[in-house]
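All remarks here apply to the structure that follows.
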Amino acid sequence: MRRVINLHQNIGRPRNPVTVQDILMAAPYTTTKRGTRYLLFDSGQDDADRVLVFCSEEQLKILCASNEIFADGTFKTVPNQFGQLYTIHGTVVDTAQRKPVFPLVSCICVRKNEATYQQIWEAFIDEAGRLNLQFKVNLLMTDFELAAMNVHQRAFPLAAHKGCLFHFNQALWRYVVNKGLRVLYINAEQEDHTVRRDVQRLMAIPFVPPDDAEPVFDQVVDELDDRVLGVAPWAWPPTWSRTTSEGIVRCGAAMPYRHVSPRNCGTCMNRPWTTPSAPTTWLRPTTRNSRN
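Each residue of the sequence shown is one higher than the one before, starting from 1 at the first, in the UniProt record's numbering.
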């Protein structure tokens with residue numbers, strides 16, 4: 001019976017596209033149930049790196065009015081023809097002076113490079129200009145993806161750009177794996193514990209008071225084992241997150257989206273370790289001597 005029902009349902013459905021060029025964006029996939037525009041931007045059917053941005057006019061107004069904007073990507077819930085689903089969330093102050101976070105934008109992308117994120121934010125800014133809206137964002141919180149961070153800094157140079165401890169350690173662990181140190185880290189009890197010790201020292205730097213972050217980082221790098229030195233060519237003290245003690249929402253834990261794990265809730269910092277300084281991303285040198 002189920003097969004018969006599915007067969008009849010599929011008669012009225014379009015065939016599943018194989019590539020992004022096969023996807024034809026037309027109603028009802030471009031509008032809301034109320035009949036208003038929902039597809040904000042489409043880079044084009046002939047674009048191999050196609051970008052689709054879904055955001056209604058009402059959602060864009062909320063996004064422009066949000067003082068805090070959160071963005072994150074996932075790769076598990078995206079259609080096979082694309083590479084990632086990138087979602088953008090904003091805050092709305094309610095009558096109880098709380099700041100609940102709402103998902104406002106869904107972007108389906110093939111790539112996750114600067115060109116892709118540039119297209120996304122240019123679409124928002126152009127549409128906001130057409131509607132005589134202005135972004136009021138003071139804080140942008142993302143993971144430590146440099147392509148997205150660079151675009152955000154160009155689009156909103158006066159906003160603070162922050163990350164969280166969970167994403168910082170996640171990025172650091174990727175470096176550990178890419179440098180071939182995973183086995184040494186995991187088997188520290190049976191082998192040399194130096195690698196695990198030094199990596200954990202890098203993971204602990206966000207807990208240092210902001211004024212001491214850079215000199216402490218330099219001191220840690222000077223004392224690192226040579227095998228770990230390649231893991232630490234970067235750090236972002238101005239982007240580490242202040243959280244609830246300063247009234248700032250915690251990174252991904254605030255995003256009511258299924259692709260954000262509830263385990264993130266306990267991994268963000270509980271104290272203010274960053275300053276509201278101008279947003280910068282500093283790339284650290286890979287060798288000790290190059291700093292001198």
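Glycine residues also receive a C-beta, built at the ideal position from the N, C-alpha and C atoms.
All figures in this text were calculated on a predicted structure; none of them were measured in a lab.
By alpha-carbon distance to Ile23, the top candidate from Val4, Arg182, Gly44 is Gly44. Check the Cα spacing between Asn113 and each of Met25, Tyr29, Asp49: the tightest is with Asp49.
For Cys109, no alpha helix (DSSP H) encloses it; the enclosing beta strand (DSSP E) starts and ends at 101–109.
The three-state secondary structure of Met203, taken from DSSP, is helix.
In the structure shown, Met1 falls within a coil segment according to DSSP collapsed to helix, strand and coil. Rounded to whole angstroms, the gap between the alpha carbons of Leu184 and Val176 is 10 Å.
Residue burial annotation: Gly35 is exposed, with fewer than 16 other C-beta atoms found within 10 angstroms of its C-beta. Bounds of the beta strand (DSSP E) holding Phe70 are 68–74. Assigned with DSSP and collapsed to three states, Ala160 falls in strand. As DSSP reads the structure, Arg37 sits in a beta bridge with Thr31. Secondary structure of Val137 (DSSP, three-state): coil.
The C-beta of Asp72 has 16 or more other C-beta atoms within 10 Å across all chains shown, which makes the residue buried.
Minimum Cα-Cα distance from Leu146 among the listed residues Lys162, Val137, Asn138 corresponds to Lys162. For Asp126, the three-state secondary structure derived from DSSP is helix. Rounded to whole angstroms, the gap between the alpha carbons of Ala123 and Gly230 is 38 Å. Around His167, the same chain offers Asp143, Phe144 as residues with beta carbons nearer than 6 Å, after the five sequence neighbours per side are excluded. Looking at Asp225, His193, Gln153, Met203, the one whose alpha-carbon comes closest to that of Ile69 is Gln153. DSSP, read as helix, strand or coil, puts His89 in strand. Between Cys64 and Phe156, the CB-CB gap reaches or exceeds 8 Å.
Comparing alpha carbon positions, the residue from Leu133, Ile120, Thr31, Leu7 closest to Phe41 is Ile120. Here Gln9 is exposed. Its C-beta has fewer than 16 other C-beta atoms within 10 Å. Remark: three or more beta-carbon pairs, one from each stretch, lie closer than 8 Å, so the region 98–110 and the region 49–61 are flagged as touching. Shown here, Leu146 sits in a helix according to DSSP, grouped into three states. Secondary structure of Phe82 (DSSP, three-state): coil. If you draw a straight line from the Cα of Tyr29 to the Cα of Phe54, it is about 10 Å long. Burial state of Ala159 is buried, judged by a 10 Å Cβ sphere holding 16 or more other Cβ atoms.
For Val53, the uninterrupted beta strand (DSSP E) run begins and ends at 51–54, by DSSP.
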